[in-house]
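Everything on this sheet refers to the single structure shown next.
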Amino acid sequence: MSAGHLAVIDMQRVFADPASPWAAPRYADAAAGVRGLLPAFAGRVTFTRFLAPGRPAGAWRAYYDRWPFARLPPDAALWELTDGFADLADHVLDTTTFGKWTPELASRVGPGGRLVLAGVSTECCVLSTALAAADAGVEVLVVADACAGADDDSHLKALQIMELYRPLVRVTTLSDLLTEPEPQPEPEPQPEP
1180 MSAGHLAVID MQRVFADPAS PWAAPRYADA AAGVRGLLPA FAGRVTFTRF
1230 LAPGRPAGAW RAYYDRWPFA RLPPDAALWE LTDGFADLAD HVLDTTTFGK
1280 WTPELASRVG PGGRLVLAGV STECCVLSTA LAAADAGVEV LVVADACAGA
1330 DDDSHLKALQ IMELYRPLVR VTTLSDLLTE PEPQPEPEPQ PEP
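For any residue, its number in the numbering used here is found by taking its place in the sequence shown, counting from 1, and adding 1179.
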């Protein structure tokens, strides 16, 4: 069993559907990686969903002017978790931001905890979540073969950027994560005799 809390980022129809402007071409590969992670994190998984805000404000107005297809309510089909995950998601966190490091996710991870990230897209919501969690002092592991980007080049570049944040953020693989030894708690200092 792997230590920490798994956040499965935005495994939604809008990123899975090849006809979507936001499709992640390797979504199926990321989904297979996520399925491989889930048993090791039973009871410690948060699925996230990116949703359009009811009324975009600030720079988000220009963003949704560029992507008007996405200005749909939270119950629209494109925002649903894909079939392989909808039934497995005991805990779902909805946000209207790229970063998913919210007070709710922080409380699920716990202070000084470990956050394992998988999902889409690597160069957007995964990256945004990883950096915010690292800033909060959380150890972040990004499972490269359980993530997918808008294209292979963007995915690889995002992984390289996150790797620059070591030891706060570490890029790993499904196999390496599942076979690494459990982190041992640091021994408490003993009073001197």
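Note that the Cβ used here is the ideal one computed from N, Cα and C, for glycine as well.
query	result
Closest Cα partner of Ile1188 within the set Ala1236, Asp1266, Val1224 and Pro1282	Val1224
Glu1259, DSSP secondary structure in three states	coil
Alpha-carbon spacing of Leu1300 relative to Gly1233, whole angstroms	It is worth fixing the name first, because residue 1300 is Ser in this sequence and not Leu. Distance between the alpha carbons of Ser1300 and Gly1233: 22 Å.
Buried versus exposed, by CB contacts within 10 Å (16 or more), Glu1318	buried
Burial state of Gly1328, where buried means 16 or more other Cβ atoms lie within 10 Å	buried
Run of the alpha helix (DSSP H) containing Ala1323, from where it starts to where it stops	First-last for Ala1323: Glu1318 to Ala1327, but that is the beta strand (DSSP E), not the alpha helix (DSSP H).
For Ala1297, the residue or residues it bridges with in DSSP	Val1187
Through-space distance from Gln1369 to Phe1194, alpha-carbon basis	52 Å
Arg1223, DSSP secondary structure in three states	coil
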